Amino acid sequence: MNIENTQSQMRKGILEFCILSIIKKNEAYPSDIIEEMKKAGLQILEGTLYPLLTRLKNAELLTYRWEESSAGPPRKYFSLTEKGETFYKELEQTWQELHSTVNSLTNPTINSTQKI
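Using numbering that gives the first Met the number 0, read the sequence shown as starting at 0 and increasing by one per residue.
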């Protein structure tokens, strides 16, 4: 087994949730998303982010607005739609359930390991 491949697959599985979490806080420009992900310790490349943002927009989970930039071409800022907010809440619930389940399996409490 290749550990790097397994780690990559685990990260890909939570990528949408992480990106939507960033956008949920405040509308975001793609480079802002990349920077936030980097600060959190998750690396994402533009070649991965842009197709994902397009897919989320096409699914009507995101919308965007253009803003003129003094340092180059106009910038596209993404925000959640109402449908995106609902989808995010569902992902958040799923994450909480998964997090709880994985924690109970990987960090069993003393009480659950004691024999009666």
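From the three backbone atoms N, C-alpha and C, an ideal C-beta is built for every residue, glycine too.
Fair warning: this is a prediction, and the values are worked out from it, not measured in the lab.
{"Asked": "Minimum C-alpha distance to residue 39 - residue among 60, 21, 62 and 0", "Found": "21"}
{"Asked": "C-beta contact flag for residue 61 and residue 77 at 7 Å", "Found": "yes"}
{"Asked": "Host beta strand (DSSP E) of residue 188 (start-end)", "Found": "Past the edges of the chain, shown from 0 to 115, lies residue 188, and the structure says nothing about it."}
{"Asked": "Where the alpha helix (DSSP H) through residue 51 begins and ends", "Found": "45 to 57"}
{"Asked": "Delimiting residues of the beta strand (DSSP E) encompassing residue 71", "Found": "71 to 79"}
{"Asked": "Supposed contact pair residue 10 and residue 52 - C-beta distance, whole angstroms, cut 8 Å", "Found": "Not quite, the Cβ-Cβ distance comes to about 17 Å (not below 8 Å), so this is no contact."}
{"Asked": "Sequence-distant residues of its chain with Cβ nearer than 8 Å to residue 36 (five each side left out)", "Found": "17, 18, 21, 42 and 43"}
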